[in-house]
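Here is the structure we will look at, set down as structure tokens.
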Ligand SMILES: Cc1cc2nc3c(=O)[nH]c(=O)nc-3n(C[C@H](O)[C@H](O)[C@H](O)COP(=O)(O)OP(=O)(O)OC[C@H]3O[C@@H](n4cnc5c(N)ncnc54)[C@H](O)[C@@H]3O)c2cc1C
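In the numbering used here, the protein residues as written are 392 to 783.
Next comes the structure, spelled out in structure tokens:
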């Protein structure tokens, strides 16, 4: 317990990447933290499912994220030591695009502004180093050596294990159905029973809007397919996580699995459908929609990668909450004192979650003023028109 603040009873609703990170950060600060997950921790239903996530330090989304990304790295390294387990596979991250593409330029600008090491690669260098990628004649590469792959389920389970070691409690198959304001602090209905807390953190991903209907997020379905390399060259060194960002051409994204043989594939924009009900997203795995999505993934993978078996060997769709500017929502809700939101991670939040969880815990302890210092995440900010987006 750190001095200077009192121990509070704090509920965290939802134990995906965000909830697990918040629970651990609150436990580290000595609070009586309790996590509630409607399924199991490490489930494959929410946005944190699907085995792996890519990590990058050079961030086209804006330099404001760099300090958070560095902090997140330090936090999962600490967790690796505490839990004696590997959570991150280094190997770098590659951005491919034409030099005039806005996203390519944003990545280059971010490296320059933050003075981060980056390697610019010509098409010829790309072809020699990464023979499995099909690169167009006018495309180049930006290699971020600090990038790599995060093991999602391992990270969630390790966070929760560490939080429990520090005194947190975790309830699985515990569905929160309502949050009510009360003089002593928010009242939660959990599996039909009411419990009171001093503070409540809503980290329910795409389900957050079910609990807080006014929340400015839209739920979307993202699909990825798994493939098997037929030839060699699918290890992280020769086939690093890669994002193709050339304007006007399909955005795709490859991610090697730590086994060095299988990889994950994603196609941007067109494959994202608005979905109102995350529960539908979670249960539609075998529907016709998924079939259409798979056809598109299969076709695009064949164009982007060579030396892989044509068959899709697995995959799925996961519901994710997007804000209209694609920056997360992090802070206390003005209309609901003591109710905090940590949601809307908008397709790029896995790598940020540990740092966001820590910020939230510090804000609950009045050590950070989120509205002032991190206004870009304010749940009360005004949004412009919705923009197109994709997972990264
Ligand atoms: C396919 C895909 C690829 C992505 N790729 C990347 C990437 O490469 N890099 C990256 O950084 N980010 C990536 N992202 C984004 C990142 O994975 C998500 O932003 C992040 O995992 C969201 O975490 P979350 O905790 O907000 O949501 P979730 O993981 O969905 O967690 C919410 C949890 O809350 C639980 N819950 C919901 N309602 C209730 C309730 N009422 N009571 C109790 N429990 C409840 C749910 O069961 C769920 O477990 C990707 C996202 C997707 C979907």
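We treat Cβ as the ideally placed atom computed from N, Cα and C, and that holds for glycine.
- A heavy atom of ligand 1 is found nearer than 6 Å to the CB of residue 711.
- Scanning 574, 588 and 568 for the CA closest to the CA of residue 580 turns up 568.
- Contact check for residue 721 and residue 751: beta-carbon distance about 6 Å, within the 8 Å limit, so the pair qualifies.
- With 16 or more other Cβ atoms from the protein chains shown falling within 10 Å of its own Cβ, residue 644 counts as buried.
- The beta carbon of residue 444 sits closer than 6 Å to at least one heavy atom of ligand 1.
- The shortest C-alpha to C-alpha distance from residue 575 to any of 586, 637 and 566 is the one to 586.
- Between residue 525 and residue 695, the gap from beta carbon to beta carbon is short of 7 Å.
- The bridge partners DSSP lists for residue 535 are 484.
- Note on residue 599: 16 or more other CB atoms within 10 angstroms of its CB, so buried under the neighbour-count rule.
- By the C-beta density criterion, residue 755 is buried, having at least 16 other C-beta atoms within 10 angstroms.
- The beta carbon of residue 741 sits closer than 6 Å to at least one heavy atom of ligand 1.
- If you check the CB distance, residue 614 and residue 642 do not come in under 7 Å.
- Annotated three-state conformation of residue 637 is coil, per DSSP.
- Between residue 633 and residue 487, the beta carbon gap of about 6 Å places them in contact (Cβ cut-off 8 Å).
- Taken atom to atom, the span from the alpha-carbon of residue 742 to that of residue 556 is near 23 Å.
- Within the region 709 to 761, the complete alpha helix (DSSP H) segments at least 4 residues long are 744 to 755, listed from N- to C-terminus.
- With a threshold of 6 Å, the Cβ atom of residue 561 does not count as near ligand 1, since no heavy atom of the ligand is closer than that.
- Rounded to whole angstroms, the separation of the alpha carbons of residue 546 and residue 469 is 12 Å.
- Annotation for residue 471: the continuous alpha helix (DSSP H) segment containing it runs 457 to 474.
- Apart from sequence neighbours up to five positions away, the residues of its chain that approach residue 565 with a beta-carbon distance below 8 Å are 427, 428, 429, 581 and 582, ordered along the chain.
- Taking the CA atoms as reference points, residue 417 sits about 17 Å from residue 473.
- Annotation for residue 493: the continuous alpha helix (DSSP H) segment containing it runs 493 to 505.
- As a beta-bridge residue in DSSP terms, residue 446 pairs with 539.
- Its Cα nearest to that of residue 455, the residue 505 stands out among 479, 477, 485 and 505.
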